[in-house]
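Residue numbers (the numbering used here): 115 to 585.
What follows is a single structure, written as structure tokens, with notes after it.
In structure tokens, the structure reads:
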């Protein structure tokens, strides 16, 4: 600065000359690297804050930010006014804070849409703030929210004491989440698989949140994500640049707002996000098979529409209300066998190994249901050599691969217990009788099911379905 004055580039003026007042200042630097302004300002302000404290006015100062305290609202207002007058008398310019978002909980959530429209309008008008813009009707909800919350909103100081720590991750086939030793996963449908990875990471975070925090209220939750963009969008409650990412982030925070939850997203390296990464790569094809839509429509055309689907996922559900085997944000319940079936008219498409358990549950609860047995291909592959008699009934192994068998997987062992109390309803007795009657007819045929006409040979899946007519 002295060099500029010597050169005549600038000259010193008296402080009373208001016409030379400027918002631009030259600040000397130490060694050309570190600015001495913060140190100098802090040292100058120490006597000022000491004088105010001697008058009983409490305040905390950090650089040019002042936080004034008071035991009552009136005392706090008095503190602010006296502090402001003192600073102005010393020549400081005290500006009014016009940004309300940091002081309003969830406020940032309802400002991103307005900011984007403002940005686009300025871009169109060459940054001319004097021009007028029209606010789109779809932003009315945001303005209504501000009108209803601006006067009575608060933003509590966060304690950083997290009720839950939820890990999430995605792969090309699905998403996974982990929390407190539990994991859950979900498969992407065809439309989701084509989405950008940042969008999928936010979807996975929402998936984990709704699975593990649905019963939580008024607490803080830590999300651990290995995607920097997703972390940023969650912590900033959205953004202006990508409307699609802002939309899913808005859903996440509105879900939290209903439950008074507060989120903080933290980055985790992919190599440390083991459980969620493993869950996201589960390709459980067996759980995603379903009855063909035309076949399902044929069934319900004979009976009324069911009220709940007991064995389903988000992808193959036949009704809006369904039960899942694991945590699912859209599921009505988890583990259908813990539910009382009597109160529901349900549809069930259970796995082959659970058919007997399902029938037993229906009989026990005296429930009314639409039940479909296992695939006809599965029944046609049962071999007599793979049927083993035990003390309690029969065990059946199916070693052949089917269309629904994923690589490296095997069909579950089918256990058929004996029903000693009601022999007429015992499936094990029926199987035993069938083996006895067909023993002389099967010759070298190892398949369990035979055709009903001579020459007797193994029954394929086609005659199995042709020979069945619903009663």
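For glycine and all other residues, C-beta sits at the position ideal for the given N, C-alpha and C.
When burial is assigned at 16 or more other CB atoms within 10 Å of the CB, is residue i buried or exposed?
| i | result |
| --- | --- |
| residue 583 | Model confidence at residue 583 stands at a pLDDT of 37, short of 50, so the residue's coordinates are unreliable and nothing is read from them. |
| residue 104 | With the chain running from 115 to 585 in the structure shown, residue 104 is simply not present. |
| residue 313 | buried |
| residue 512 | buried |
| residue 455 | buried |
| residue 573 | buried |
| residue 338 | buried |
| residue 352 | buried |
| residue 305 | exposed |
| residue 566 | exposed |
| residue 420 | buried |
| residue 585 | Low confidence applies to residue 585: its pLDDT is 30, below 50, so where it sits in the model is not reliable, and the reading given next is rough at best. Under this definition residue 585 is an exposed residue. |
| residue 388 | exposed |
| residue 113 | Absent from the model: residue 113. The displayed extent of the chain is 115 to 585, so no value can be given. |
| residue 514 | exposed |
| residue 619 | Nothing about residue 619 can be read from this structure; the chain reaches only from 115 to 585. |
| residue 379 | buried |
| residue 164 | exposed |
| residue 318 | buried |
| residue 367 | buried |
| residue 326 | buried |
| residue 170 | exposed |
Can you tell me where the alpha helix (DSSP H) with residue i in it begins and where it stops?
| i | result |
| --- | --- |
| residue 407 | 407 to 416 |
| residue 347 | 342 to 349 |
| residue 180 | Per DSSP, residue 180 belongs to no alpha helix (DSSP H); it is in the beta strand (DSSP E), 179 to 182. |
| residue 541 | 541 to 551 |
| residue 335 | No alpha helix (DSSP H) contains residue 335, which is instead part of the beta strand (DSSP E) from 334 to 339. |
| residue 321 | 311 to 326 |
| residue 392 | 388 to 394 |
| residue 306 | 304 to 307 |
| residue 154 | 151 to 168 |
Assuming contact is defined by CB atoms lying nearer than 8 angstroms, are residue i and residue j in contact in what I supplied?
| i | j | result |
| --- | --- | --- |
| residue 276 | residue 336 | yes |
| residue 363 | residue 348 | yes |
| residue 283 | residue 390 | yes |
| residue 290 | residue 394 | yes |
| residue 184 | residue 192 | yes |
| residue 227 | residue 256 | yes |
| residue 322 | residue 293 | yes |
| residue 231 | residue 250 | yes |
| residue 375 | residue 344 | no |
| residue 432 | residue 451 | no |
| residue 436 | residue 414 | no |
| residue 220 | residue 371 | yes |
| residue 541 | residue 470 | yes |
| residue 563 | residue 496 | yes |
| residue 472 | residue 462 | yes |
| residue 560 | residue 494 | no |
| residue 181 | residue 174 | yes |
| residue 200 | residue 162 | yes |
From the DSSP secondary-structure annotation, give me the bridge partner or partners of residue i.
| i | result |
| --- | --- |
| residue 285 | Residue 285 pairs with nothing; no bridge assigned. |
| residue 597 | Any property of residue 597 remains undetermined from this structure, which presents the chain solely from 115 to 585. |
| residue 361 | Note: residue 361 sits in no beta bridge, so no partner. |
| residue 291 | 282 and 298 |
| residue 430 | For residue 430, which the question treats as bridged, DSSP gives no partner whatsoever. |
| residue 531 | 507 |
| residue 450 | Bridge partners of residue 450: none, in fact. |
| residue 564 | 572 |
| residue 497 | 561 |
| residue 437 | 447 |
Considering just the uninterrupted stretch of the beta strand (DSSP E) at residue i, what are its terminal residues?
| i | result |
| --- | --- |
| residue 502 | 501 to 503 |
| residue 510 | 507 to 510 |
| residue 377 | 376 to 381 |
| residue 537 | First-last for residue 537: undefined, no H or E at that position. |
Answer with yes or no whether the minimum CB distance from residue i to chain D is below 8 angstroms.
| i | result |
| --- | --- |
| residue 420 | Considering every chain present, this structure includes no chain D. It has just one protein chain. |
Taking only heavy atoms of the ligand GTP into account, decide whether any of them is closer than 7 angstroms to the Cβ of residue i.
| i | result |
| --- | --- |
| residue 271 | Ligands displayed in this structure: none; no statement on the ligand GTP is therefore possible. |
- Task: Taking only runs that begin and end inside the region 191 to 272, name each unbroken alpha helix (DSSP H) of 4 or more residues, in chain order.
- Result: The qualifying runs are 226 to 238 and 254 to 263.
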